[in-house]
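Residue numbers (our numbering): 14 to 281.
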C-alpha cells in the first residue's frame, strides 16, 4: 500500500505539490490525470524516493523512504518499484537485453548467468521475442516503450509507476500498451500508479482516477465518477475543452518540468 499524507514539495520559491493526501491500495491501479505542471510526475518521484517531500510523508508498506538512512535499506525500498519513464530512457549503447537487466546488479543478488533468461522472459511478457541483441536505434517507438516496460519488471517489483506510458505512440500502439498494463497487473499482482493525459487510457486501465490541479487532488473516484463529474474543472479536462475555468497561458512557466533545474540551483 502507498500512502501520502500532506505531501508538499517545493523547488526554491516554487511549490509544486501543495498538500497531497492519497492512498493506493495493494493490487490497485490508480491513474493520475491533470494538466502539465500540476505535480503528477513530481509526486511519482516522491513515491520512489528520487525527491524528498518538503513536508508531509510518503509511506510504502509502512516504510517512509525519507527516513531511511542506510544504503541497503534505501536499495531494498527502491527494489519494490518498477518505473516506466516518459521517454523510455533506454541506453543507446546497450543491447535490449543489457538495458532490461541493467538494474539487477544494483537491486538484486541474481547471478549474471541468469540475466539473459530474465531478459527473454520479460520480453515475452510484453509481447516481444528475438530482440535481445538489438540496439534501441533499431527498434520502433512502440518496441522501445515495450522494452522499457520489460526493464521495469525485471526485478519483479511489487509496484510499477508509469509516467505517460502512451506518449508519442499512435492510437493502436497506445492501446497495446494499455492492454499490457492490465495484463501485468493481473499476471504479476502488482500495484500501479499511471500518470497520463490520455483519457481513453485512463478510463481503460484505472480502478480509480485522481485529478491533480495546481498541486492538489481536485477529485478522486471511479472512472465512471470522473467521467460524469459535476466539477467544471474536471469536466473541462476530461472533455478536452479550451473554454472553462482552467486557463492556459501560452508562455506559462512549466514549474514541474523545471524541477530538476531548480533543484540543481538553476534559475527559472
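Here a beta-carbon is modelled for each residue, glycine too, at the ideal position from N, C-alpha and C. Since the structure is predicted, the reported quantities are computational estimates derived from the model, not experimental observations.
Item to complete: Name the one or two DSSP bridge partners that residue 205 has.
Response: Along the chain shown, read from residue 1 onward, the residue named residue 205 stands at position 192. BP columns for residue 205 point to 42, 173.
Discussion item. If contact is defined by three or more beta carbon pairs under 8 Å, each pair taking one atom from either stretch, is the stretch 174–190 in contact with the stretch 117–125?
Written reply: no
Worksheet item: From residue 141 to residue 168, what distance separates their C-alpha atoms?
Response: For this step, residue 141 is matched to residue 128 along the chain shown. For this step, residue 168 is matched to residue 155 along the chain shown. Their backbone Cα atoms lie some 18 Å apart in a straight line.
Discussion item. What does the Cβ neighbour count give for residue 159, buried or exposed, with the cut at 16 atoms within 10 Å?
Written reply: Numbered from its first residue, the chain shown carries residue 159 at position 146. Buried.
Item to complete: My understanding is that residue 30 touches residue 52, with C-beta atoms under 8 Å, so please give their C-beta distance in whole angstroms.
Response: The residue given as residue 30 occupies position 17 in the chain shown. The residue given as residue 52 occupies position 39 in the chain shown. So it is a contact: roughly 5 Å between Cβ atoms.
Worksheet item: Assuming residue 176 contacts residue 57 under a Cβ cut-off of 8 Å, what Cβ separation, rounded to an integer in Å, is found between them?
Response: Counting from one through the chain shown, the residue named residue 176 turns up at place 163. Counting from one through the chain shown, the residue named residue 57 turns up at place 44. About 6 Å separates the two Cβ atoms, so the contact holds.
Worksheet item: Do residue 70 and residue 18 come within 8 Å of each other at the CB atom, strictly closer than that value?
Response: Here residue 18 is taken as the residue at index 5 of the chain shown, counted from 1. Here residue 70 is taken as the residue at index 57 of the chain shown, counted from 1. A contact, by the Cβ cut-off of 8 Å.
Discussion item. Counting beta carbon pairs with one atom in the stretch 194–206 and one in the stretch 145–152, are three or more of them shorter than 8 Å?
Written reply: no
Worksheet item: Between which two residues does the alpha helix (DSSP H) harbouring residue 218 extend?
Response: Reading the chain shown from its first residue, position 205 is the one you call residue 218. Its alpha helix (DSSP H) spans residues 212–218.
Worksheet item: Taking just the CA atoms, how far does residue 113 sit from residue 222?
Response: Working through the chain shown from its first residue, we reach residue 222 at position 209. Working through the chain shown from its first residue, we reach residue 113 at position 100. Distance between the alpha carbons of residue 222 and residue 113 is about 29 Å.
Worksheet item: Is it the case that the Cβ atoms of residue 161 and residue 101 are separated by a distance below 8 Å?
Response: Mapped onto the chain shown, residue 161 falls at position 148. Mapped onto the chain shown, residue 101 falls at position 88. Against a cut-off of 8 Å, the Cβ pair of residue 101 and residue 161 comes out as a contact.
Discussion item. For residue 246 and residue 231, which I take to be in contact (beta-carbon distance under 8 Å), what is that distance rounded to the nearest angstrom?
Written reply: Within the chain shown, the letter at position 233 stands for residue 246. Within the chain shown, the letter at position 218 stands for residue 231. About 6 Å; that satisfies the 8 Å criterion.
Discussion item. I'd like the list of long-range same chain contacts for residue 146, defined as Cβ closer than 6 Å, with 5 residues on each side in sequence excluded.
Written reply: To locate residue 146, count along the chain shown from 1; it is residue 133. Once the five neighbours on either side are set aside, the close Cβ partners of residue 146 are 108.
Discussion item. Closer than 8 Å is the cut-off here; do at least three beta carbon pairs connect the stretch 43–51 with the stretch 208–217?
Written reply: yes
Discussion item. Assuming residue 159 is part of the alpha helix (DSSP H), what are its boundary residues?
Written reply: The count along the chain shown starts at 1 and reaches residue 159 at position 146. 154–165 is the extent of the alpha helix (DSSP H) around residue 159.
Worksheet entry | beta strand (DSSP E) segment containing residue 85, residue limits | The residue given as residue 85 occupies position 72 in the chain shown. Element bounds for residue 85: not the beta strand (DSSP E) but the alpha helix (DSSP H), 84–91.
Discussion item. Buried or exposed, going by whether 16 or more other CB atoms sit within 10 Å of the CB of residue 276?
Written reply: By 1-based counting over the chain shown, the position of residue 276 is 263. Residue confidence is low: residue 276 scores 45 on pLDDT, short of 50, so the model does not pin down where it sits. Its coordinate-derived value is still stated next. By the 10 Å Cβ count, residue 276 comes out exposed.
Fill in: Inter-residue Cα distance where the pair is residue 172 and residue 215
Here residue 172 is taken as the residue at index 159 of the chain shown, counted from 1. Here residue 215 is taken as the residue at index 202 of the chain shown, counted from 1. The straight-line gap from Cα to Cα measures roughly 18 Å.
Worksheet entry | Residue from 218, 183, 77 whose Cα sits closest to the Cα of residue 194 | Mapped onto the chain shown, residue 194 falls at position 181. Minimum Cα distance to residue 194 is reached at 218.
Discussion item. Tell me the DSSP secondary structure of residue 260 in three-state form.
Written reply: Sequence index remark: in the chain shown, residue 260 carries index 247 (1-based). Residue state, collapsed to three classes: coil.
Worksheet item: In angstroms, rounded to a whole number, what distance separates the CA positions of residue 111 and residue 97?
Response: The count along the chain shown starts at 1 and reaches residue 111 at position 98. The count along the chain shown starts at 1 and reaches residue 97 at position 84. Distance between the alpha carbons of residue 111 and residue 97 is about 16 Å.
Worksheet item: Buried or exposed: residue 55, going by 16 or more other Cβ atoms within 10 Å of its Cβ?
Response: By 1-based counting over the chain shown, the position of residue 55 is 42. It counts as buried.
Discussion item. If contacts are defined as beta-carbon pairs under 8 Å, then residue 75 and residue 166 qualify, I think. What distance do you get, rounded to the angstrom?
Written reply: For this step, residue 75 is matched to residue 62 along the chain shown. For this step, residue 166 is matched to residue 153 along the chain shown. The Cβ separation is near 23 Å, so there is no contact.
Fill in: Spatial distance of residue 79 from residue 65 (CA atoms)
For the purposes of this step, residue 79 is taken as the residue at position 66 of the chain shown. For the purposes of this step, residue 65 is taken as the residue at position 52 of the chain shown. Straight-line Cα distance between these residues: approximately 6 Å.
Worksheet entry | Buried or exposed (CB count within 10 angstroms, at least 16 for buried), residue 91 | One-based indexing of the chain shown puts residue 91 at position 78. It counts as buried.
Practice prompt. Reducing DSSP to helix, strand and coil, say where residue 56 ends up.
Written response: Position 43 of the chain shown, counted from the first residue, corresponds to residue 56. Helix at residue 56.
Fill in: Local Cβ density within 10 Å of residue 130, reported as buried at 16 or more and exposed below that
In the chain shown, residue 130 corresponds to position 117, counting from 1. Per the 10 Å Cβ criterion, exposed.
Worksheet item: To which residues does DSSP link residue 180 through a beta bridge?
Response: Residue mapping note: residue 180 aligns to position 167 of the chain shown, counting from 1. None; residue 180 has no bridge partner.
Item to complete: Output the distance between the C-alpha atoms of residue 83 and residue 77, rounded to the nearest integer angstrom.
Response: The sequence position of residue 83 within the chain shown is 70, counting from 1. The sequence position of residue 77 within the chain shown is 64, counting from 1. Roughly 13 Å between the two C-alpha positions.
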